[in-house]
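Trainee:
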Amino acid sequence: MMRVVKVVLKGLMWGIGIIVAGIIAINIFAQVSTLQQKVSVDEVGQQFDEAPVVVVLGAGVTPNKEPSLVLKKRLDKASEIYHQYPEATFIMSGDHQGPYYNEVSVMKAYLSEQAGIPSRQIYLDHLGINTYSSMYRLQQVFGVNHVAVVTQSSHLSRALMMANGLGLEAVGVSASEDNNIQLSQFVREVGATVKAFAEVYTPLKPTVVYESNRIDMNQGGDQTDEFY
1 MMRVVKVVLK GLMWGIGIIV AGIIAINIFA QVSTLQQKVS VDEVGQQFDE APVVVVLGAG
61 VTPNKEPSLV LKKRLDKASE IYHQYPEATF IMSGDHQGPY YNEVSVMKAY LSEQAGIPSR
121 QIYLDHLGIN TYSSMYRLQQ VFGVNHVAVV TQSSHLSRAL MMANGLGLEA VGVSASEDNN
181 IQLSQFVREV GATVKAFAEV YTPLKPTVVY ESNRIDMNQG GDQTDEFY
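FYI, the numbering for the sequence shown is 1 to 228, going by the UniProt record's numbering.
1) Looking at C-alpha atoms only, which residue of T193, G191, E177 and V173 is the closest neighbour of G45?
2) Would you be able to state if there are at least three C-beta pairs under 8 Å between the stretch 196 to 204 and the stretch 98 to 113?
3) How would you write the range of the beta strand (DSSP E) that S93 sits in, first residue to last?
4) Taking Cβ positions, are Y132 and P63 nearer each other than 7 Å?
5) So what does DSSP say about L127, is it helix, strand or coil?
6) DSSP state of T34, grouped into three classes?
7) Give the C-beta separation of V115 and S79 to the nearest angstrom, bearing in mind that I take them to be a contact with Cβ-Cβ under 8 Å.
8) Look at G167 and G128 and say whether their C-beta atoms are less than 7 Å apart.
9) Between which two residues does the alpha helix (DSSP H) carrying V39 extend?
10) Three or more C-beta pairs closer than 8 Å, one from the stretch 145 to 152 and one from the stretch 55 to 69: is that the case here?
11) Do R137 and G220 have their beta-carbon atoms positioned less than 7 Å apart in this structure?
12) Does L35 pass the burial test, meaning 16 or more other C-beta atoms within 10 Å, or should it be called exposed?
13) In three-state DSSP terms, what is L57?
14) Under a Cβ-count criterion, where at least 16 other Cβ atoms within 10 Å of its own Cβ denotes burial, should L71 be classed as buried or exposed?
15) Could you tell me which residues DSSP pairs with A170 in its beta bridges?
16) Near I26, which residues of its chain fall below 8 Å by C-beta distance, leaving aside the five closest residues on each side in sequence?
17) I81 and V41 look like a contact to me (Cβ under 8 Å); what is the Cβ gap, rounded to whole Å?
18) CB A170 to CB Q152, shorter than 7 Å?
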């Protein structure tokens, strides 16, 4: 009986070891495979033959319709890009759950009012409810295949890995990081990276909210202000 127990325990330990090794390997892959895609604001223009297209990923807004601190840092980085490349086009991709929660309108208002970006240069993706949806809908709804992604560095490798897996040509620009990253946030990102890998490199595709009209990027961003 004891021999059977030892065999079972040994098998469990091997199984756990394989799982942990897989998690570590996937997270290393996400970091290493996207390393050369991370650029500074000054380098963004070198990545595009025409004016850059920049997607800012949503990160929550406050009840009084202000960007959260994390989101504000992303928007401030987008503002830096605009002042370096005033012809750039911006896509705010976030969650618009209903009339009382609308990340993307808050994002656009901040960039328009605080950074002075013309509203026609800011497009809204109301259904960018997660990173996969944001990357997927860039192609399927906005017809964008070449993009600069703005988010925090802790999230950027995962976002770029997903973009790569979906066939996007992407570079990433890091916004300032939260100085008080908690262990729980780190663990969440490790798990989210494994999930992202499965979503783009295995048959385990997630359900994507896609019900939207195709957006004509030549018609100006104001056409997307309403929930289309």
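For every residue, glycine included, the Cβ atom is placed at its ideal position computed from N, Cα and C.
Mentor: Let's see:
1) Here the question's residue 45 lines up with position 45 in the sequence shown. For G45, the nearest C-alpha among the options comes from V173.
2) Output reads no: the stretch 196 to 204 does not touch the stretch 98 to 113.
3) Reading the sequence shown from its first residue, position 93 is the one you call residue 93. Taken as a continuous stretch (DSSP letters only), the beta strand (DSSP E) holding S93 covers T89 to S93.
4) On the sequence shown, residue 132 is found 132 positions in, with the first residue counted as 1. On the sequence shown, residue 63 is found 63 positions in, with the first residue counted as 1. Result no, Cβ atoms of Y132 and P63 do not sit closer than 7 Å.
5) Within the sequence shown, residue 127 is the residue found at index 127, counting from 1. The answer is strand: DSSP assigns L127 an E or B state.
6) The residue labelled residue 34 in the question sits at position 34 within the sequence shown. The answer is coil: DSSP assigns T34 none of H, G, I, E or B.
7) What you label residue 115 is simply residue 115 of the sequence shown in a count that begins at 1. What you label residue 79 is simply residue 79 of the sequence shown in a count that begins at 1. Per the sequence shown, residue 115 should be read as Ala rather than Val. About 4 Å separates the two Cβ atoms, so the contact holds.
8) Numbered from its first residue, the sequence shown carries residue 167 at position 167. Numbered from its first residue, the sequence shown carries residue 128 at position 128. The answer is no: Cβ separation not under 7 Å.
9) Here the question's residue 39 lines up with position 39 in the sequence shown. Neither: V39 is in no alpha helix (DSSP H) and is coded neither H nor E.
10) Enough Cβ pairs lie closer than 8 Å, so yes.
11) The sequence position of residue 220 within the sequence shown is 220, counting from 1. The sequence position of residue 137 within the sequence shown is 137, counting from 1. No. Outside cutoff.
12) Taking the first residue of the sequence shown as 1, we reach residue 35 at position 35. Flag for L35 reads exposed.
13) Position 57 of the sequence shown, counted from the start, is the residue given in the question as residue 57. Of the three classes helix, strand and coil, the one that applies to L57 here is strand, per DSSP.
14) Residue numbering aside, residue 71 sits at position 71 when the sequence shown is read from its first letter. By the 10 Å Cβ count, L71 comes out buried.
15) Along the sequence shown, one-based indexing puts residue 170 at 170. Answer is V147, bridged to A170.
16) Mapped onto the sequence shown, residue 26 falls at position 26. Taken in chain order, the residues that qualify are T193, V194 and F197.
17) Taking the sequence shown and counting its residues from 1, the one referred to as residue 81 is at position 81. Taking the sequence shown and counting its residues from 1, the one referred to as residue 41 is at position 41. About 6 Å separates the two Cβ atoms, so the contact holds.
18) Within the sequence shown, numbered from 1, the residue matching residue 170 stands at position 170. Within the sequence shown, numbered from 1, the residue matching residue 152 stands at position 152. Cβ atoms of A170 and Q152: not closer than 7 Å.
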